[in-house]
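*Asks:* Here the protein sequences line up with chains A and B, keeping their order. Using the working numbering, read the first sequence as starting at 1 and increasing by one per residue. Using the working numbering, read the second sequence as starting at 208 and increasing by one per residue. We put the CB at the ideal spot given by N, CA and C, even for glycine.
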Amino acid sequence: MKRVWVLLAAAMATSSLRAEPQPAATDQCLSCHVQADGSIDIVGLEALSALPPEWPYLFEDAYDLDGDGIAGVMRYVSGSQGPLPAKFGTNLAAAKFEDFAKIAGAAHNIVVTDDIIEEVRRVFAARSPNPKNPFADRASLETFQKRGCADCHVTRTYQYQGKTVMPLSDFLLHDLGEGLKRTAPLWGCNGCTEVSPHVRLTDNSIQ
Amino acid sequence: MIKTTLAVTAMLMNGALGLAAENTVAAPVADVANYDPTLSAKEAVLANWELAAAGIRAGRVVGDQVIEMAQTGASYGAVLRQAQFAQKTMVQRYNAAFWVYTVSQVDLNLDPSALTEAVRAANTPCSLDDCADERTALLAAFQRATSELDKAAIAARTELTRREGVVDAVLMTEQLALIADYLEDGTWAEDFSLTEFGRDGEELAARIVGAMALWRNIEPYVGLANQEIDSAINAKSRDLLRTMRTHTRSMDTFASDSPELEEIKAAALALSAEFRKASELFSS
Numbered sequence: 001m002k003r004v005w006v007l008l009a010a011a012m013a014t015s016s017l018r019a020e021p022q023p024a025a026t027d028q029c030l031s032c033h034v035q036a037d038g039s040i041d042i043v044g045l046e047a048l049s050a051l052p053p054e055w056p057y058l059f060e061d062a063y064d065l066d067g068d069g070i071a072g073v074m075r076y077v078s079g080s081q082g083p084l085p086a087k088f089g090t091n092l093a094a095a096k097f098e099d100f101a102k103i104a105g106a107a108h109n110i111v112v113t114d115d116i117i118e119e120v121r122r123v124f125a126a127r128s129p130n131p132k133n134p135f136a137d138r139a140s141l142e143t144f145q146k147r148g149c150a151d152c153h154v155t156r157t158y159q160y161q162g163k164t165v166m167p168l169s170d171f172l173l174h175d176l177g178e179g180l181k182r183t184a185p186l187w188g189c190n191g192c193t194e195v196s197p198h199v200r201l202t203d204n205s206i207q
Numbered sequence: 208m209i210k211t212t213l214a215v216t217a218m219l220m221n222g223a224l225g226l227a228a229e230n231t232v233a234a235p236v237a238d239v240a241n242y243d244p245t246l247s248a249k250e251a252v253l254a255n256w257e258l259a260a261a262g263i264r265a266g267r268v269v270g271d272q273v274i275e276m277a278q279t280g281a282s283y284g285a286v287l288r289q290a291q292f293a294q295k296t297m298v299q300r301y302n303a304a305f306w307v308y309t310v311s312q313v314d315l316n317l318d319p320s321a322l323t324e325a326v327r328a329a330n331t332p333c334s335l336d337d338c339a340d341e342r343t344a345l346l347a348a349f350q351r352a353t354s355e356l357d358k359a360a361i362a363a364r365t366e367l368t369r370r371e372g373v374v375d376a377v378l379m380t381e382q383l384a385l386i387a388d389y390l391e392d393g394t395w396a397e398d399f400s401l402t403e404f405g406r407d408g409e410e411l412a413a414r415i416v417g418a419m420a421l422w423r424n425i426e427p428y429v430g431l432a433n434q435e436i437d438s439a440i441n442a443k444s445r446d447l448l449r450t451m452r453t454h455t456r457s458m459d460t461f462a463s464d465s466p467e468l469e470e471i472k473a474a475a476l477a478l479s480a481e482f483r484k485a486s487e488l489f490s491s
């Protein structure tokens with residue numbers, strides 16, 4: 001009998017949380033990402049959600065078989081229908097936005113319910129800048145490719161809501177000397193396709 | 208040679224060790240503050256089956272793009288560029304999943320000659336105006352190849368599903384024994400599909416790293432169970448990869464009795480023995 005009351009109390013607490021999402025939690029999530037102009041620093045949130053699941057398989061080279069000095073690995077994470085390749089987070093922490101929200105909530109001690117996650121997704125999606133092609137012309141794209149930048153910031157595209165999208169990331173983890181990090185998508189980046197922050201070392205690896 | 212695998216597969220088939228939901232294999236603790244994800248041992252093994260199934264499916268998806276372009280009037284040059292990218296993925300992913308074909312008792316029904324034909328079509332240039340014959344041949348070759356890959360991906364996914372209700376220790380045992388059998392068996396050094404294109408080395412390398420990719424996903428759990436075996440596997444893996452790189456980058460084709468191939472097989476055999484020890488860690 002006591003167990004039933006405990007379950008009832010838990011159910012009511014959950015129900016209460018669902019009925020009234022905590023605005024503070026959404027604000028807390030926004031505070032880490034909002035920029036001066038009101039947009040958030042995550043570009044293409046909805047386009048990222050629509051990234052084809054096969055994408056990282058097209059580029060993975062975990063043991064540098066092609067000998068270009070660059071090894072890139074996929075990361076599998078828990079998914080509702082089994083393990084899935086991750087695409088969210090600089091360390092590829094999650095395959096889905098809702099999973100990433102839960103991980104971020106745990107990291108920052110923010111209680112996130114399913115309703116709050118949905119609210120955060122709605123707010124983030126509304127403020128997330130659309131992806132854009134950072135190349136002024138064909139020549140700048142070719143220069144980017146010739147420099148070897150496209151080895152990781154791949155220039156392949158996919159279709160999303162009738163638009164051609166070029167995320168400029170293989171969504172693989174690479175070790176550039178600071179642990180494994182995801183190739184940063186450059187689809188909202190101004191000018192960063194012109195100057196590379198990376199250095200190719202004498203052994204052909206990149207830092 | 209594949210006794211361990213057969214025994215574990217029999218247990219899977221009988222369901223004698225299945226249906227237990229609890230995790231019994233120790234997993235690394237996630238670093239929550241650093242957004243560090245972690246998988247249970249069971250998820251890690253299932254991820255390896257997903258890697259095979261989804262990898263093959265990725266080959267089908269890029270092949271489908273070639274078919275769509277060929278059917279919708281894109282220039283033959285554009286279709287050919289897409290075909291060359293696609294065939295590389297198809298070949299790499301087929302060979303990375305070679306372990307599934309050779310030792311897991313799974314019949315994926317994939318005829319490798321379908322990939323050979325797709326590669327041939329993707330390497331057939333055209334100098335005439337309409338390139339109609341080449342386009343038709345390329346379309347047929349990719350339709351056949353994607354159909355084969357589709358069947359294989361579905362079969363591999365079925366194997367994943369079959370393991371969802373099985374306890375993690377059994378899955379770990381099976382997976383490690385599979386890798387040991389695969390490396391020992393040596394079928395990865397036979398039946399190359401692209402010898403005529405001088406791509407034996409590429410196929411062989413993909414087959415070896417396909418097995419190494421399995422290890423990458425389950426390594427943390429072996430490390431927690433026995434650090435010594437974990438270190439031995441990593442050391443022998445480095446030996447195999449170094450030997451494999453040296454020979455596959457310098458040779459286009461391999462005769463079955465070539466000294467280079469024998470050297471790679473010897474390194475694989477040494478690694479297989481360590482995987483055999485690891486498989487026994489979870490079998491008690």
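1) Using a Cβ cut-off of 7 Å (strictly closer), state whether residue 470 (chain B) contacts chain A.
2) At a cut-off of 6 Å, is residue 104 (chain A) close to the ligand SAH when judged by its beta-carbon and the heavy atoms of the ligand?
3) Just the Cα atoms here: how many angstroms apart are residue 314 (chain B) and residue 457 (chain B)?
4) Answer yes or no: does any C-beta atom of chain A fall closer than 7 Å to that of residue 254 (chain B)?
5) Do you know whose CA, among B:230, B:235 and B:231, lies nearest residue 431 (chain B)'s CA?
6) Quick check on the burial criterion: 16 or more other C-beta atoms within 10 angstroms. Buried or exposed for residue 264 (chain B)?
7) With 16 other CB atoms within 10 Å as the buried threshold, where does residue 255 (chain B) fall?
8) What is the DSSP secondary structure of residue 267 (chain B), reduced to helix, strand or coil?
9) List the endpoints of the continuous alpha helix (DSSP H) containing residue 484 (chain B).
10) For residue 463 (chain B), tell me which candidate among B:276, B:378, B:383 and B:396 has the shortest Cα-Cα distance.
11) For residue 271 (chain B), I'd like the list of residues in its chain whose CB is within less than 7 Å of its CB, leaving aside the five on either flank, ordered along the chain.
12) Could you run through the region 448-467 of chain B and flag, in chain order, every residue whose CB is less than 7 Å away from some CB of chain A?
13) Does DSSP classify residue 284 (chain B) as helix, strand or coil?
14) Could one say the Cβ of residue 188 (chain A) lies closer than 7 Å to chain B's Cβ atoms, at least one of them?
15) Judging by CA-CA distance, which residue of B:378, B:454 and B:389 is the nearest neighbour of residue 475 (chain B)?
16) Which of the three DSSP states is assigned to residue 189 (chain A) in this structure?
17) Please classify residue 122 (chain A): is it buried, with 16 or more other beta-carbons within 10 angstroms of its beta-carbon, or exposed?
18) Where does residue 455 (chain B) land, buried or exposed, given buried means 16+ other C-beta within 10 angstroms?
19) To the nearest angstrom, how far is it from the Cα of residue 348 (chain B) to the Cα of residue 244 (chain B)?
20) What does residue 88 (chain A) pair with, by DSSP beta-bridge criteria?
21) Is it true that the CB of residue 262 (chain B) sits closer than 7 Å to the CB of residue 57 (chain A)?
22) Using C-beta distances below 7 Å, list every residue in its chain close to residue 490 (chain B), excluding the 5 sequence neighbours before and after it, in chain order.
23) Only counting the same chain, and skipping five residues up and downstream in sequence, which positions put a Cβ closer than 8 Å to that of residue 345 (chain B)?
24) When you compare the CB of residue 105 (chain A) with every CB in chain B, is at least one pair closer than 7 Å?
25) Is there a Cβ of chain A sitting closer than 7 Å to that of residue 296 (chain B), yes or no?
26) Give every residue of the same chain whose Cβ lies closer than 8 Å to the Cβ of residue 319 (chain B), excluding the five residues on either side of it in the sequence, and list them in chain order.
27) Less than 6 Å between C-beta atoms, sequence neighbours within five positions excluded: which residues of the same chain meet that for residue 10 (chain A)?
28) Kindly indicate if chain A contains any beta-carbon less than 7 Å away from that of residue 492 (chain B).
29) Give the interface partners of residue 273 (chain B) over in chain A, defined as CB-CB distance under 7 Å, in chain order.
30) Pick out whichever of A:106, A:149, A:190 and A:86 has its Cα sitting closest to the Cα of residue 51 (chain A).
31) Is residue 77 (chain A) helix, strand or coil when you go by DSSP?
32) Counting pairs of Cβ atoms below 8 Å between the region 27-39 of chain A and the region 146-165 of chain A, do you hit three or more?
33) Please list, in chain order, all residues of the same chain as residue 309 (chain B) whose beta carbon is under 8 Å from its beta carbon, the five residues on each side excluded.
34) Under DSSP, the alpha helix (DSSP H) around residue 377 (chain B) begins and ends at which residues?
35) Should residue 1 (chain A) be flagged as near chain B, meaning a C-beta pair shorter than 7 Å?
36) Extract the residue ranges of the beta strand (DSSP E) inside the region 117-177 of chain A, only unbroken runs of 3 or more that lie entirely within it.
*Replies:* The structure says:
1) no
2) As for the ligand SAH, it is missing from this structure, which has no ligand bound.
3) Their Cα atoms are separated by approximately 33 Å.
4) yes
5) B:235
6) buried
7) buried
8) Note: residue 267 (chain B) maps to helix in three-state DSSP.
9) 466-488
10) B:396
11) 353
12) Residues of the region 448-467 of chain B with a C-beta less than 7 Å from any C-beta of chain A: 448 and 456, listed in chain order.
13) helix
14) At a cut-off of 7 Å between beta-carbon atoms, residue 188 (chain A) makes no contact with chain B.
15) Closest by alpha carbon: B:389.
16) The answer is coil: DSSP assigns residue 189 (chain A) none of H, G, I, E or B.
17) Exposed.
18) Result: buried.
19) 41 Å
20) Per DSSP, the beta bridge partners of residue 88 (chain A) are A:94.
21) yes
22) Cβ contact annotation for residue 490 (chain B) (same chain, cutoff 7 Å, sequence separation greater than five): 380, in chain order.
23) 273, 277, 286, 287, 290, 328, 329 and 331
24) no
25) For residue 296 (chain B), the answer is yes, since a Cβ of chain A falls inside 7 Å of its Cβ.
26) 301, 398 and 400
27) Because the pLDDT of residue 10 (chain A) is 43, which lies under 50, any placement of that residue in the model is unreliable, and the number read from its coordinates should be weighed accordingly. Hits under 6 Å: none found.
28) With chain B represented from 208 up to 491, any question about residue 492 (chain B) goes unanswered, as that position is not in the structure.
29) What residue 273 (chain B) touches in chain A: nothing, since even the nearest Cβ is about 13 Å away.
30) A:86
31) It is a strand residue.
32) no
33) 389, 392, 394 and 395
34) 375-392
35) Here the model assigns residue 1 (chain A) a pLDDT of 39, short of 50, so the residue's position is not dependable and the matter cannot be decided.
36) 158-160, 163-165 and 173-175
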